[in-house]
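J.:
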Amino acid sequence: MSKGPGLFSDFGKKSKDLLNKDYTSNQKFTISSSSFTGLALVSNIVNKGGLSSGEVAAQYKHKNALVDFKLDTDSNILTTFTITDLHPSAKTVASFKLPDSNSGKLEVQYFHEHATVTTAVGLKKLPAVDFSATIGTPSIAFGAEACYMTSSGEFTKYNAGVNMTKTDSNASVILADKGDSLKVSYLHHLNQVNGGAVVGEIVRKFSTNENTLTVGCSYLVDPHTLVKAKLNNHGHLGALVQHELTPKSFLIVSGAFDTKTLEKTPKFGLALSLKP
-10 MSKGPGLFSD FGKKSKDLLN KDYTSNQKFT ISSSSFTGLA LVSNIVNKGG LSSGEVAAQY
50 KHKNALVDFK LDTDSNILTT FTITDLHPSA KTVASFKLPD SNSGKLEVQY FHEHATVTTA
110 VGLKKLPAVD FSATIGTPSI AFGAEACYMT SSGEFTKYNA GVNMTKTDSN ASVILADKGD
170 SLKVSYLHHL NQVNGGAVVG EIVRKFSTNE NTLTVGCSYL VDPHTLVKAK LNNHGHLGAL
230 VQHELTPKSF LIVSGAFDTK TLEKTPKFGL ALSLKP
């Protein structure tokens, strides 16, 4: 574990990844490569609803600097500069997207043994200011985040939560949506069962008096094959199989079903990621 409490954005991330990461109903093809000079290239093609889109990304790392460049089929260009070790405990991230001249953002992350603070400011006349802070240890941390719009003088977002981490489990409680929703999640690693894991998440929406309970699991069939599944109380069932074809090259097949309306056509997705 790290020496500090981590970022607020990482609260409940392990549970979220197990329940959502790699599930798709589209067709996606990815090819990537890297060199010893620090340059990495990634190309993506996605077919969604009969429409195809793609993007090309490049990343260059040199000493304490990291440059990301991404170009998509809509002619959007996203560039991100990340500088670490500018200060022993700080990281600076600057990003902008063309042709949107108001999309620029500057973020500073400060890491301390018992606290983490991040501030992000939009690079325009009346920017949005994002702020988050956590205090605690790698085992238990308390945190909050907010977004303040200088143009209207209002807070458009404020969330708070607590995150608890052990070597074999992670739990989090997050009050989000300006206090309108409460999310509780728990993940447990089953080290005795081929490195699998189980997760449970419940989301309470106060304004609609609605509860959503989702349970999921992952299981390593063999060193190259991973199986995941999830089901919520609304009858939505998802499953996927991830197989490593060659080192760092994966084939993922996923499906989604509505168990309460089986007459509907299930959704299937396919993702192929190759790294020569």
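Residue numbers for the sequence shown follow our numbering, beginning at -10 and rising by one. All residues carry an ideal CB built from backbone N, CA and C; glycine is no exception.
1. For Y208, which option in T126, S78, S42, V188 has the closest C-alpha, if you only look at C-alpha atoms?
2. Within 10 angstroms of its Cβ, does Y243 collect 16 or more other Cβ (buried), or is it exposed?
3. Excluding the 5 residues flanking N15 on each side, which residues of the same chain have their C-beta closer than 7 Å to its C-beta?
4. How long is the line joining the alpha carbons of K249 and A228, rounded to whole angstroms?
5. Put G(-5) into one of helix, strand or coil per three-state DSSP.
6. Quick check on the DSSP output: the beta strand (DSSP E) that includes S22 runs from which residue to which?
7. From which residue to which residue does the alpha helix (DSSP H) around L8 run?
8. Since Y208 sits in a beta bridge, which residues does DSSP pair it with?
9. Relative to the C-alpha of Q48, which candidate in T69, T214, H178 has its C-alpha closest?
10. Which partner residues does G38 have in the DSSP bridge list?
11. If contacts are defined as beta-carbon pairs under 8 Å, then S174 and S161 qualify, I think. What distance do you get, rounded to the angstrom?
12. Under the rule that 16 or more other beta-carbon atoms within 10 Å means buried, what is K(-3), buried or exposed?
13. Report yes or no: is there a C-beta of chain D within less than 7 Å of the C-beta of G205?
14. Roughly how far, in whole angstroms, is the beta-carbon of T247 from the beta-carbon of H232, given that I think they are within contact range, below 8 Å?
15. Name, in chain order, the residues that DSSP records as bridge partners for S238.
16. In chain order, what residues of the same chain have a beta carbon less than 6 Å from the beta carbon of A46, not counting five sequence neighbours either side?
17. Are the CB atoms of L263 and I72 nearer to each other than 7 Å?
18. Just to confirm my understanding: we take M(-10), look at its own chain, exclude 5 residues before and 5 after, and list those with CB closer than 6 Å. What are they?
19. Here's the rule I'm using: 16 or more other beta-carbon atoms within 10 Å means buried, otherwise exposed. How should G1 be labelled?
20. In terms of residue numbering, what span does the beta strand (DSSP E) encompassing D74 cover?
21. Cα separation between T139 and T145?
22. Out of G(-7), K5, G(-5), K(-8), which one is the CA nearest neighbour of V204?
23. DSSP beta-bridge partners for Y99?
T.: Quick answer:
1. Counting from one through the sequence shown, the residue named residue 208 turns up at place 219. The residue from T126, S78, S42, V188 with its alpha-carbon nearest to that of Y208 is V188.
2. As a first step, residue 243 must be located in the sequence shown, where it is residue number 254. Strictly speaking, residue 243 in this sequence is Ser, with Tyr absent from that position. For S243, the number of other beta carbons within 10 angstroms of its own is at least 16, and it is reported as buried.
3. Looking up residue 15 in the sequence shown gives position 26. Here the set comprises V35, N36, K37, G258.
4. Position 260 of the sequence shown, counting from 1, holds the residue named residue 249. Position 239 of the sequence shown, counting from 1, holds the residue named residue 228. C-alpha separation (whole angstroms): 16 Å.
5. Translated into the one-based positions of the sequence shown, residue -5 becomes position 6. Three-state result, G(-5): coil.
6. To locate residue 22, count along the sequence shown from 1; it is residue 33. For S22, the enclosing beta strand (DSSP E) covers residues 16 to 23.
7. As a first step, residue 8 must be located in the sequence shown, where it is residue number 19. Where L8 is concerned, the enclosing alpha helix (DSSP H) stretches over 2 to 9.
8. For the purposes of this step, residue 208 is identified with residue 219 of the sequence shown, where counting begins at 1. Looking at the DSSP assignment, Y208 forms a beta bridge with V216.
9. Position 59 of the sequence shown, counting from 1, holds the residue named residue 48. By alpha-carbon distance to Q48, the top candidate from T69, T214, H178 is T69.
10. Against the sequence shown, residue 38 aligns to sequence position 49. DSSP lists no partner for G38.
11. One-based indexing of the sequence shown puts residue 174 at position 185. One-based indexing of the sequence shown puts residue 161 at position 172. S174 to S161, Cβ: 5 Å. Contact.
12. Walking along the sequence shown from the start, residue -3 turns up at place 8. It should be pointed out that residue -3 corresponds to Phe in this sequence rather than to Lys. Within 10 angstroms of the beta-carbon of F(-3) lie 16 or more other beta-carbons, which makes it buried.
13. No chain D is present in this structure, which holds just one protein chain.
14. Within the sequence shown, numbered from 1, the residue matching residue 247 stands at position 258. Within the sequence shown, numbered from 1, the residue matching residue 232 stands at position 243. Inspection of the sequence shows that residue 247 is occupied by Asp rather than by Thr. Actually they do not touch by this definition, with Cβ atoms about 26 Å apart.
15. For the purposes of this step, residue 238 is taken as the residue at position 249 of the sequence shown. S238 is bridged to T235.
16. For the purposes of this step, residue 46 is identified with residue 57 of the sequence shown, where counting begins at 1. These residues qualify, in order along the chain: V31, K59.
17. Residue numbering aside, residue 263 sits at position 274 when the sequence shown is read from its first letter. Residue numbering aside, residue 72 sits at position 83 when the sequence shown is read from its first letter. Between L263 and I72, the C-beta spacing is not below 7 Å.
18. Numbered from its first residue, the sequence shown carries residue -10 at position 1. Confidence in M(-10) is poor, its pLDDT being 41 and thus under 50, which makes the residue's placement unreliable; the coordinate value appears in the next sentence. Exclusion of the five residues before and after M(-10) leaves P127 as the residues of its chain whose Cβ lies within less than 6 Å of its Cβ.
19. Counting from one through the sequence shown, the residue named residue 1 turns up at place 12. A buried status is given to G1, since no fewer than 16 other beta-carbon atoms sit within 10 Å of its beta-carbon.
20. Sequence index remark: in the sequence shown, residue 74 carries index 85 (1-based). 66 to 76 is the extent of the beta strand (DSSP E) around D74.
21. Indexing the sequence shown from 1 puts residue 139 at position 150. Indexing the sequence shown from 1 puts residue 145 at position 156. Here the alpha carbons of T145 and T139 stand approximately 11 Å from one another.
22. Position 215 of the sequence shown, counted from the first residue, corresponds to residue 204. Of the listed residues, the one whose Cα sits closest to V204 is K5.
23. Numbered from 1 along the sequence shown, position 110 holds the residue referred to as residue 99. Beta bridge pairing from DSSP links Y99 with A79, V106.
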